[in-house]
Amino acid sequence: MLIAQLIALFRRASIPIHGVSIGTLDDRTTWKVDYKGATDAQQAAGAELLATFDPATDTDYLKERAEKAATAYLARPET
625 MLIAQLIALF
635 RRASIPIHGV
645 SIGTLDDRTT
655 WKVDYKGATD
665 AQQAAGAELL
675 ATFDPATDTD
685 YLKERAEKAA
695 TAYLARPET
């Protein structure tokens, strides 16, 4: 879930990436972002996001997940 949260975080910030990888969970120096055509300013903003990211307080991600789950549920024929 952490990788999905990070990808969503960069998407919300409009920073183009290919993906992210996490070496050791509690060592952010092992967390890497693979940028896709991002400007220097976007990469700097991405580095700041990565350094300050707190998955426990990422309410935007939780809202996105809840909306997707509700949409999927309502799309079921039996609902």
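Residues 625 to 703 in our numbering are what the sequence shown spells out, letter by letter. For every residue, glycine included, the Cβ atom is placed at its ideal position computed from N, Cα and C. The model shown is predicted, which means the values in this text are computed figures rather than measured ones.
{"Check": "CB-CB length for Phe643 against Asp658, believed under 8 Å", "Outcome": "Residue identity check: residue 643 is Gly in the sequence provided, not Phe. Going by Cβ atoms, the distance from Gly643 to Asp658 rounds to 5 Å, so yes, they are a contact pair."}
{"Check": "Every unbroken alpha helix (DSSP H) inside the segment 644 to 700 [4 residues or more]", "Outcome": "664 to 676, 683 to 698"}
{"Check": "Strand pairing of Ile641, partner residues [DSSP]", "Outcome": "Tyr659"}
{"Check": "8 Å contact criterion, which Gly670 and Phe634 should meet: CB distance rounded", "Outcome": "6 Å"}
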